[in-house]
Structures are given as structure tokens and as C-alpha cells.
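Residues 740 to 1316 in the numbering used here are what the first sequence spells out, letter by letter. For every residue, glycine included, the Cβ atom is placed at its ideal position computed from N, Cα and C. Some notes on the structure that comes next.
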Amino acid sequence: MPNNAEVARRLMQIRQLMEFAGEPYFQFMAYEKAAASVEQAPPLADVIERGGLEKIPGIGERIAERILEIVETGTTQKLKDLLERYPESVLEVLEVPGVGMKTARALFDTLGIASAAQLEQAIGAGRLEGFPRMGGKTVENIKRGLLMRRGRSHRWPIGTALPLAEGIIACLRQGAPVERIAHAGSLRRQEPTVGDIDIVCTSAQPERVIEVFVGLPEAEAVLAEGSTKASFWTPQGLQVDLRVVPAANWGNLLQHFTGSREHNVQFREMAVKRGLRVSENGILEVATGKNRTFETEEEVYAALDLPFIPPELRLGSGELEAARRGRLPRLVEARDLRGDFHMHSTWSDGRDALEEMIAACARKGYAYHAISEHSWGRGPAFGLTPERLREQIAAIHALGERFRIRTLCCIEVDILPDGTLDFDDELLGQLDFVIASVHSAHNIGHKRMTARIIRAIEHPCVNVIGHPTGRSVSAGTAYEFDVEAVFAAAARTGTALEMNGNPDRLDLSNQLARRAAEVGVTLALDSDAHDVSQLERISYAVGQARRAWLEPRNVLNTRSLDDVLAFVAAKRAVRAR
DNA sequence: GCCGTTTTCGGCCCGACTGTTTTCAGTCG
740 MPNNAEVARR
750 LMQIRQLMEF
760 AGEPYFQFMA
770 YEKAAASVEQ
780 APPLADVIER
790 GGLEKIPGIG
800 ERIAERILEI
810 VETGTTQKLK
820 DLLERYPESV
830 LEVLEVPGVG
840 MKTARALFDT
850 LGIASAAQLE
860 QAIGAGRLEG
870 FPRMGGKTVE
880 NIKRGLLMRR
890 GRSHRWPIGT
900 ALPLAEGIIA
910 CLRQGAPVER
920 IAHAGSLRRQ
930 EPTVGDIDIV
940 CTSAQPERVI
950 EVFVGLPEAE
960 AVLAEGSTKA
970 SFWTPQGLQV
980 DLRVVPAANW
990 GNLLQHFTGS
1000 REHNVQFREM
1010 AVKRGLRVSE
1020 NGILEVATGK
1030 NRTFETEEEV
1040 YAALDLPFIP
1050 PELRLGSGEL
1060 EAARRGRLPR
1070 LVEARDLRGD
1080 FHMHSTWSDG
1090 RDALEEMIAA
1100 CARKGYAYHA
1110 ISEHSWGRGP
1120 AFGLTPERLR
1130 EQIAAIHALG
1140 ERFRIRTLCC
1150 IEVDILPDGT
1160 LDFDDELLGQ
1170 LDFVIASVHS
1180 AHNIGHKRMT
1190 ARIIRAIEHP
1200 CVNVIGHPTG
1210 RSVSAGTAYE
1220 FDVEAVFAAA
1230 ARTGTALEMN
1240 GNPDRLDLSN
1250 QLARRAAEVG
1260 VTLALDSDAH
1270 DVSQLERISY
1280 AVGQARRAWL
1290 EPRNVLNTRS
1300 LDDVLAFVAA
1310 KRAVRAR
């Protein structure tokens, strides 16, 4: 059955082709809104089972029918009709940066161009010459756009983009007359992948800032260079945008460029009802023509009688309604965390020594942490044999109080295909804490995978299921199982589910974690560090947890050491009774 | 095609930059 992302992709195809076909604006825009909602919704299979499709904002009777059709058959008659009239490959032309709907439509009508390859051929043959509004520069832009489309993936992992953005910001702080400066956009919202980097700043000398920006070594190709805005592509093809404004409307600018698009649309719709018009330049009172600018985002939201909405919540998935009712969560923060359960040392496949990992955790100010090597199922090169695990337990005990932090003896034990674990109960019982993860046999089918994970959850020694869906952000894959059944088992047995901070995992996703918390599951935020520097990856887990509306009470490692040990003891006690 | 703190009908967010224009269309975020 197609997952949410696949359904959303189909809806977007319908949306694009509807516009291409010249259908009314608000009709195809409804499909765009619906697609955005579907991406943020809990797994559709479960939503449909509960009959809640039309409760999702932006999905009405008609689109709900179409979604059901897509879920059942993989497509819908509406899409089939459109594809009868236009080949699917016209969508490629729209993917080319610089080519929009009008141009694509004109190219199709007059030259019969219906794919990226045909567009490239036509340019090569000089067939675009003499086309209305198609001068030499525009053709050059399209050529470059074709190269960009072919030569790169369209989204970048947060783990790549955030360090790059921080580097550029550091350079601008040093070399340009900037006052306030920050990254905005999807990066600030902690999206797992981003399409570009948005940087915003204030300055009394915007021209000078722009000059420095487009002169940065990362600026391989400058796309735009205005008096307040500029864009470039980095050598690897990542687009970076900069906006400069006076200090007086920093709040408006930051709010505008943090988005998301859907959040801003909803925010502006609320404003329109009060006779206000919101833009990056301020909030205009339409009746009087008076424009108010704000130095902080708090003031921007307060202008509509709303509390500050954290960037991670600005997805257009109910946060404005919650803000209006005073029901925003008190989101978990990095400083709420008192420990990290998931890390490796040179005892298994980590790169730093056990003592270095412990010392680094102590420096971070944690009260406790767990050393969780791999078990031997992955081979002795990666994991510990039972003997080696016993040795490590002894080694950790021998360290005593040396590091002023409690090191929990732990293991990341493999969940075997039948749901049993890689170590026997006697050995697991000697540990303070146990993480269990699937690392092999990912394609055993929905039913067997569900039974496998639930069996591990029901083991009295298992406290956390590591990276529960096995997803890869870059590959877009995950193993399939009955999410609701697994969540129910985790809630019932007092087993936490992990939110893994590895930027290519970020697993559970924000949508699944939000659903898990709703049904009473406790989440554990972990770095899954394989060296000291990667301990910082826990910040990515915090980001996803915030996108999942999690509060400190939902998160195991916000609790004290005693409470964590009580969490472990409670589960083991059930078996002992 | 969706939706309701003015509405079950009549609305539906906003502005900057580029290139090609001689006042603006197209694209983007």
C-alpha cells in the first residue's frame, strides 16, 4: 500500500497537470494544500481505518475519495484522464529551475516539447530563438537549470546543510557589516532534508553585505544580486539565499522566511480576517494604511494575539489553532536532557575509546549515559561476543566514580528475524539498560516484521527499540510493519521508542513520534554517536522531537537517573511476578 | 476544491528579482 509520501506525490502530480491543463487556480491549489497535509498526517492506513480522512485539514469529500482510490489502486481516474492528455514527462520540464508553468505550457504548445530531454535538444538546435520573452540570458539560465536538475539530488540532508549554513554565517559575521543574522527556512524548522539554505540578516549597509556574500568562496554561480536579496549555488549545487533588512523589521523578516509556506498562508489568512496584511516588510492595517514593523518574532505573533510559535511547529498542521486556544506544548529542549542512551566506542564499531566517550558525556553535563555497543550478530568486527560484553561490564565497573557521571552498562542487541534477541536473558539481566534494534533481514514482510518487533518489545529486559522503522532519509526507505500495533505494545509494556539523531536516520520521524506520544509511548532521544563529535547529533533528535510536539514528560532521558532506573525495574518486575 | 470567530456561498497570502520590456510577465520562495 502506498505510504503518505507516495500519496502526496500523486496529489502533486494531479495539481501540476491540472494547472498545465488550465484548470481553475483554486481547484488545483486545493490539491497542493491536501498534498502538504498528507505529508504531515499520521500513516494514512491508520487514518482511513479510523475514518478520519476528512478530518485532515484541506481534505474534503472529493479529495478524500481520490486518496482512497490511490490507496487502493495506486492511482486515480482523475490522474489517468490528465495523463491521457499530457505525458508524465512534461512534469520534468517544470522541474527545471527557471522554467515555470507558463513557459512549459508555451514550449509544449508551440514546439511540442514534452520532456527535459526534448527541451535540451531544442535548445541545442537553436529552436528557442525568436520565442517570445526568450532572450539569450533566459536560454542560458534554462541550460544551467537543465544541468542542475540532472547533476544533483533535489534535497540535502540537514546534516550537510546546517554545518554549511553555520560556516557561511560565521564568514558574514566576520567579513560583512551585519548586525543580527540567522538561518531561516526549512533548516530552522529542522526539516530532515532541505531544498536550499535561507539566511537572513539586518544591516545598515545592505549593499556591502550582498557584495561580501556573492564573493564568498562557496558562491560558484551567482543567480541573483539585488539591493536587499541575493542567491548563489555552491559547487555541489546547493542554493543559498540571503535577505538583508533594517533592524526595525527583523521580526517580520525572520517570521516570513522561516515559513513554512503553509504556515505563512494560514497566518496571513488569519490576518486578512482582521483587516491586516502580513508580509516580510511588516503588518499593514488595510483600513488606515498604517504599516507596523517588529524587531522580534514574538511581537509579530502578538500582533495577532498569538503566543510565540516555535519554528519546528510551523508546518501548518494545527499549530496556529493550538496557539489561538493557548494549547501549544512546552516543547522539549536540549537542556532538558540528562543523558544519552545510545553510543558506540572502539569496543565495537566506534572510533573513540570508551573512556573518551564517557569523559565527553561528563563534559556535556549529563547525569548519566549508556554505552551501547553492537551485539555479535553482525560479526565480531562490529559487535561484542558475550565474553567481551562481560569484560566491558567489568571495565565500566572498574572505572568507579572517576568521571563524575553514571555510565549505564548497556548493549544495542540485534533483534533476530524471529524476534528473539542476540544474547540470552541471563546476560541481558546483568545490564542496567538494553536497546534492541533490527539490523538484518529488513524485507521479511509486513506481518512477520510486526510480530518480530512486538516480540522484542515484550522482552522484559528491552527498554528502548532503536531506530524503530529502519528508515534512511537519503534512500527514502524503511521496513514495513503495523505501526499502531507496535505503538500499542510499546505503551502497554513500558518500552520506549527511539528518536535517533543520526541525520540519515532521524527515526522515528516527527509524524510517527507525535502519534506514538498520543497513544502513550515514551520516547528516548539518542545521538547514536560513533565518536565524540557525533554526541552533538542528539540535537537533531531534539529537533525532530520538537517537530513531533513532544514535551519533557514524553521523553525518557529528561528524567532523573533514579526515574530511569525505576522505568527499567518496573518492566523487569512484571516478568518476575 | 475547501471552508466557516462576519459566511453552507463567496471568498481563497504576499513581495522581490530578472529579463525583456518601454510598463510588465514570469518565476521563486
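Rounded to the nearest angstrom, what separates residue i and residue j at their Cα positions?
i       : j       : result
Leu962  : Glu1024 : 34 Å
Tyr1279 : Gln1169 : 31 Å
Gly1122 : Ala1268 : 15 Å
Gly990  : Arg748  : 34 Å
Cys1200 : Phe1172 : 8 Å
Cys1100 : Ile908  : 28 Å
Thr941  : Asn1182 : 51 Å
Val1260 : Ala1252 : 9 Å
Thr1146 : Ile1196 : 23 Å
Pro958  : Phe952  : Checking the displayed sequence, the identity of residue 958 turns out to be Ala instead of Pro. Their backbone Cα atoms lie some 8 Å apart in a straight line.
Arg1053 : Arg928  : 7 Å
Met725  : Val810  : What the structure shows of the chain is the stretch from 740 to 1316, and residue 725 is not part of that stretch, so it cannot be assessed.
His1185 : Ala856  : 39 Å
Leu993  : Pro741  : 36 Å
His1083 : Gly1089 : 5 Å
Cys1148 : Ile1110 : 6 Å
Ala915  : Gln978  : 20 Å
Val878  : Trp895  : 27 Å
Pro826  : Asn880  : 25 Å
Pro1050 : Leu1304 : 34 Å
Glu1126 : Thr1216 : 35 Å
By the 10 Å Cβ neighbour count, where 16 or more other Cβ atoms means buried, how is residue i classified, buried or exposed?
i       : result
Arg1286 : buried
Lys817  : buried
Asp1091 : buried
Phe996  : buried
Phe1006 : buried
Gln944  : exposed
Thr815  : buried
His1108 : buried
His1136 : exposed
Arg889  : exposed
Ala763  : Note that residue 763 is Pro in the sequence shown, not Ala. Pro763 is exposed by the Cβ-count criterion.
Lys772  : buried
Arg1254 : buried
Gly1139 : exposed
Gly1021 : buried
Pro1242 : buried
Phe1033 : buried
Alpha carbons only, please: which of the options is nearest the one belonging to residue i?
i       : options                            : result
Ser970  : Gly1205, Glu950, Leu901            : Glu950
Arg1074 : Glu1094, Ala1106, Leu1052, Arg1066 : Ala1106
Arg883  : Ser1248, Pro836, Ala855, Thr849    : Pro836
Thr849  : Glu868, Arg1063, Leu1167           : Glu868
Leu1262 : Asp1270, Ala1230, Ala904, Leu1274  : Ala1230
Pro1156 : Ala1134, Glu1140, Arg1194          : Arg1194
Asp1301 : Glu1112, Gly1078, Asp980           : Gly1078
Arg1000 : Val984, Pro956, Ser1056            : Ser1056
Asp820  : Ile1174, Pro985, Thr899, Ala760    : Ala760
Ser966  : Arg982, Leu992, Thr973             : Arg982
Asn1249 : Glu831, Ala856, Thr932, Val829     : Thr932
His1178 : Ala1190, Asp1163, Ile1204          : Ile1204
Ile1097 : Ser854, Ile787, Leu1274, Val984    : Leu1274
Ser776  : Asn743, Ala1041, Arg754, Gly790    : Asn743
Ala774  : Met757, Gln766, Asp1270, Ile798    : Ile798
Glu834  : Gly1233, Ile897, Val786, Leu885    : Leu885
Glu758  : Ala843, Glu1072, Pro1242, Ala986   : Ala843
Gly1065 : Ser828, Ala1305, Phe1047           : Phe1047
Arg1191 : Arg1210, Val1017, Tyr1218, Gln766  : Tyr1218
How close, in whole Å, do the beta carbons of residue i and residue j come, if the pair is a contact with beta carbons under 8 Å?
i       : j       : result
Ile795  : Ala780  : 5 Å
Leu1247 : Thr1208 : 7 Å
Leu1067 : Leu1289 : 13 Å between Cβ atoms; not a contact.
Ala923  : Asp937  : 4 Å
Ser1266 : Gly1240 : 5 Å
Ile1144 : Ser1114 : The pair is not a contact, with the Cβ atoms about 24 Å apart (cut-off 8 Å).
Met1188 : Phe1220 : 4 Å
Leu858  : Ala900  : Contact flag wrong, Cβ pair sits at about 29 Å.
Phe1080 : Asn1296 : 6 Å
Does at least one heavy atom of the ligand ZN sit under 7 Å from the Cβ of residue i?
i       : result
His1198 : This structure simply doesn't include the ligand ZN, nor any ligand for that matter.
Is the region 860-876 touching the region 917-935 in the sense that three or more CB pairs, one from each, lie closer than 8 Å? Segments in contact, no.
Spell out a yes or no on whether the region 789-809 and the region 1026-1044 are touching, meaning 3 or more CB-CB pairs, one atom from each, closer than 8 Å. No, they do not touch.
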